[in-house]
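So the structure is just underneath, and the comments pick up after that.
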Amino acid sequence: MQAANDLGLTQSAVSHALSRLRHLFDHRLFVREHGGLTATPFAREIEPRIRDLLMQASQILHLGRDFDPATSTRTFALAMPDYAMLTVLPALRNTLAISAPGIGLEIRQTDGLKVLESLDRGVVSMAVANIPAASADIETIPLFEEGLLVAAAEGHPIWNSPLTLATYLAQDHLDVVRDPAKPGLTESALAARGAKRSIKLKIGTFLVVPQLVASSGLVATEPSRVLSQLSGTLGYRTEAPPFPSPRFTISLARHKRISGDPGYEWLADQVVALFHT
């Protein structure tokens with residue numbers, strides 16, 4: 030029923046379509062499990078190829094057409110981890126509201142480590158994230174470089190004296206952890222100096238870091254754009270870390286499958302212009 034609603038079709042129409050596809054491929058595509066439908070191994074195998082075909086068909090339909098952002102009602106899908114949503118999405122949405130009020134954005138939240146997989150599989154054709162080494166099919170355009178800040182509530186003991194490494198290490202910390210098997214930027218920087226901090230809270234998202242810093246008594250060392258936006262509003266303070274801050278780059282990534290699509294070309298230009306002007 031949910032799939033039918035999402036597609037704007039009746040449940041009967043979806044059932045008939047699945048039946049036709051089953052006969053066309055001579056394979057079952059879905060099986061019913063636990064009250065729902067689960068994709069078969071064959072369906073999962075062909076999914077990225079089908080997505081690619083659909084994207085190519087959409088691209089062909091838009092080739093040769095003029096794209097007018099002022100009148101367009103297209104919806105563009107982008108992948109972003111929560112960090113990019115906090116730092117890029119508000120400015121992008123404000124820009125589109127002025128220059129392209131009819132355009133919609135569909136943001137697929139994905140871990141930064143899985144952005145390339147989303148691009149390769151055709152889940153999206155454009156992403157904003159800290160992009161690792163990309164394939165030949167993916168173009169990356171650096172947007173800005175980011176460093177770390179230390180944050181703690183106003184009145185926290187860490188601010189009673191100049192921030193030194195010893196003072197920093199004596200505190201209880203919170204940390205955003207993406208991959209428990211890999212050390213983060215701060216852990217790597219501290220390990221290089223033979224130091225280790227005491228992490229009392231590990232979370233998987235940047236979205237609640239400002240609120241936790243303001244209220245938990247813990248110290249956070251996270252990307253500057255995550256911490257600087259709400260420090261005045263929530264009542265916490267930030268300073269540079271007492272060690273050389275590791276840096277990383279946020280980039281726009283786009284798959285070659287959208288090359289020549291005037292809509293995506295325009296959208297990429299808008300994202301780049303936010304940070305290159």
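Residue numbers for the sequence shown follow the working numbering, beginning at 30 and rising by one.
Here a beta-carbon is modelled for each residue, glycine too, at the ideal position from N, C-alpha and C.
In the DSSP assignment, G292 falls within the unbroken alpha helix (DSSP H) covering 291–305. Excluding residues up to 5 positions away in sequence, M109, A113, V117, L281 lie with their Cβ nearer than 6 Å to the Cβ of V157 in the same chain. For I287, DSSP records no beta bridge to any residue. Your pair P275 and L256 does not check out as a contact, with CB atoms roughly 15 Å apart and the cut at 8 Å. Distance from E251 to L192 at the Cβ level is roughly 16 Å; contact not present, criterion being Cβ atoms closer than 8 Å. Taking all protein chains in view, the Cβ of T102 is surrounded by fewer than 16 other Cβ atoms within 10 Å, so the residue is classified as exposed.
In the three-state reduction of the DSSP assignment, P130 falls in the coil class. The alpha-carbon of W188 is positioned some 25 Å away from that of V206.
A Cβ-Cβ contact shorter than 9 Å links L219 with F272. The count of Cβ pairs closer than 8 Å, one atom from the stretch 199–213 and one from the stretch 153–168, stays below three, leaving the stretches out of contact. Taking the Cα positions, L66 is about 10 Å away from L58. In the three-state scheme derived from DSSP, where H, G and I count as helix and E and B as strand, V157 is classed as strand.
By the criterion of a C-beta distance shorter than 8 Å, R222 is surrounded in its chain by L194, F272, once the five residues flanking it on both sides are discounted. Taken through DSSP and simplified to helix, strand or coil, L230 comes out as strand. Within its own chain, the residues whose Cβ lies closer than 8 Å to the Cβ of P186, once the five positions on either side in sequence are excluded, are Q200, listed in chain order. S260 and V237 have their C-alpha atoms spaced approximately 13 Å apart.
The continuous beta strand (DSSP E) containing T104 extends over residues 104–109. Between W295 and F96, the beta carbon gap of about 6 Å places them in contact (Cβ cut-off 8 Å).
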